[in-house]
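With the first letter of the sequence shown counted as 1, position 98 gets the number 1212 in the numbering used here; the numbers rise by one all the way through. Quick reminder that beta carbons are idealized off the backbone N, C-alpha and C, glycines included. Here is the structure we will look at, set down as structure tokens.
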Amino acid sequence: MFETTPLNPPDAIFGLIEEFKKDPRKDKVNLSVGVYQDEAGTTPIMKCVGNAEKVLLEQAGSKSYLPIDGIPGYNGLIGNLILGDELCPVSTQPVRSTSIHSATAQTPGGTAALRVAGDLMKQNLGSKTIWMSNLTWANHTQIYSAVELEIKNYDYLDDRGTGLDFGKMMSSLDSAQPGDALLLHTVCHNPTGVDLGREQWQQLTELILDKALFPIFDFAYQGFGDDIESDAFPIRNFCTQGGEAFICNSFSKNFGLYAERVGGITAVTSSADSAKAILSQIKRVIRASYSNPPLHGAAIVNKVLGDQTMRSDWVTELASMRDRIKQLRSEFVRLVNSIIPDGDYEYVNHQRGMFSYSGLSRDQAERLKSEYGIYALRSGRINIAGLNSSNIKRVCTAIAEVMK
Ligand code: LMR
């Protein structure tokens, strides 16, 4: 029965992690997967996470099933984190109403949230097409192909491939039809690090509302752009103007809870009844795919966000991660410029979050790996958070060498 099954190529990101692990070179550098690394090159457990785990261990616990939509109370905290105090004050309810209406369910990471949103777009909301930026996280294409939405691309980068061409982006959405889904990276675009400014988000909001498109905000990097509140601007601005949307958020990066698989799907709706109805459909899709979400990661997030002191410790810790990446960006630009004085690498300072779209071609990325043991994605994406004072000089010299 299995004889005719074709071999699938390794995953564009996780395949490289496997290769990296097997690479015997001592000075190898992993700039591939989007995981934060500290100065020592490790991915630490955040202090606030360790503290929350201690409290959880001391409390009488249970490993019984969670409700389909997750830990009671967690969903209200997530709604508040994404939508803010005004649109969604902290609540214990998965369905909430203020000037806007919303419902949240816990999911295993942002990936499951994106998939649940895709299932609902196809099954309940009648979308046939989803638009995504013509460079996007490789898994976006897999997720939405799996739910059989037709994938169309909107232009994103300028001719040099290092900054935004907003005019081109808007014109390529000209042919989008009412009801089409529109996938948006809320902040810290993956793989390019190139984001829209506030004025551009407003223009895009007007286009979405005029054309009656349906946005899915992928929100995997809240806190890695400017800060947790400002990074949510595109969503809050859109919802304040009456927009309905899905928001798929992840705590992999901003809580460092990669392996715990914790995130959420939030639907912002135009009425309380629709919020109730869409939550019932979210629960149907979840029950049919993974039944109910895992406990541990969400219990940590729930503990931290629900406690004023722990929450403010988290905000401070996250800010120090963000600041470290910004410093690495400017050090990277300084070093590359000192090696290639006539090059212009200032764009790396303007890109945000973990990633930089370095302008490396597929062949150059391949050479970096084979000749120098430096792992970047074939698309040319590098994870700036993988740099540190011991490897940055070698990385910049190697990049300059392969780019010659
Ligand atoms: C990445 O883009 O490297 C991360 O989001 C990890 C992943 O799941 O691909």
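For the set Ser1504, Asn1363, Asp1477, the Cα lying nearest the Cα of Lys1518 is the one of Asp1477.
The alpha-carbon separation between Ala1126 and Ile1396 amounts to approximately 29 Å. When Cβ pairs closer than 8 Å are counted between the two stretches, the segment 1231 to 1239 is seen not to touch the segment 1202 to 1219, the count staying below three. For the set Thr1212, Arg1210, Asn1248, Gln1256, the Cα lying nearest the Cα of Ala1226 is the one of Gln1256. The beta carbons of Gly1420 and Gly1193 sit no closer together than 8 Å.
When Cys1510, Leu1491, Pro1305, Gly1337 are compared, the shortest CA-CA separation from Thr1430 is found for Gly1337.
At least one heavy atom of the ligand LMR is found less than 7 Å from the C-beta of Gly1148. Contact between the segment 1506 to 1515 and the segment 1442 to 1458 is present: three or more C-beta pairs spanning the two stretches fall below 8 Å.
For Ala1514, the enclosing alpha helix (DSSP H) stretches over residues 1506 to 1517.
For the 8 Å CB-CB criterion, Thr1383 and Ile1361 do not form a contact.
In this structure Ala1402 is exposed. Its beta-carbon is surrounded by fewer than 16 other beta-carbon atoms within 10 angstroms. Shortest gap from the CB of Ile1127 to any heavy atom of the ligand LMR: under 7 Å.
Under the three-state reduction of DSSP output, Thr1221 falls in the strand class. If you look at Ser1178, you'll find it isn't in any alpha helix (DSSP H); DSSP assigns it neither H nor E.
By the criterion of a C-beta distance shorter than 8 Å, Leu1409 is surrounded in its chain by Lys1177, Leu1180, Ile1185, once the five residues flanking it on both sides are discounted. Taken in chain order, the complete alpha helix (DSSP H) segments of 4 residues or longer contained in the segment 1235 to 1299 are 1252 to 1260, 1280 to 1286. For the 8 Å CB-CB criterion, Thr1221 and Gly1377 form a contact. Inclusion of Asn1253 in the 7 Å shell around the ligand LMR follows from its C-beta lying nearer than that to a non-hydrogen atom of the ligand.
Contact annotation: Leu1501 and Leu1442 have beta-carbon atoms nearer than 8 Å.
In this structure, DSSP gives Ile1127 a state outside helix and strand, which the three-state scheme calls coil. Counting along the chain, Phe1328 sits inside the beta strand (DSSP E) bounded by residues 1328 to 1333. Residues of the same chain with a CB within less than 6 Å of the CB of Lys1440, apart from the 5 flanking positions on each side, do not exist. Annotated as distal: Ala1389 and Val1230, with beta-carbon spacing of 8 Å or more. Restricting attention to Met1235, Glu1343, Arg1492, the CA atom closest to the CA of Ala1433 is found in Glu1343.
Membership of Arg1210 in any alpha helix (DSSP H) is not indicated; the residue belongs instead to the beta strand (DSSP E) covering 1209 to 1211. Note on Glu1132: under 16 other CB atoms within 10 angstroms of its CB, so exposed under the neighbour-count rule. Under DSSP, Ser1470 takes part in a beta bridge, and its partners are Ile1496. Closer than 7 Å to some heavy atom of the ligand LMR: that does not describe the Cβ of Asn1122. Between Leu1296 and Phe1328, the C-beta spacing is below 8 Å. If you draw a straight line from the Cα of Leu1228 to the Cα of Met1246, it comes to about 13 Å. Annotation for Thr1380: the continuous beta strand (DSSP E) segment containing it runs 1377 to 1383. Sequence-distant Cβ neighbours of Ile1496 in its own chain, meaning closer than 6 Å and more than five residues away, are Leu1145, Ser1470, Ser1472, Ala1490. In the structure shown, the three-state DSSP call for Cys1362 is strand. At least 8 Å separates the beta-carbon of Met1424 from that of Tyr1150.
Pairing Val1418 with Ala1174 gives a Cβ-Cβ distance that is not under 8 Å. With a cutoff of 7 Å, Asn1304 counts as near the ligand LMR, since its C-beta is closer than that to a heavy atom of the ligand.
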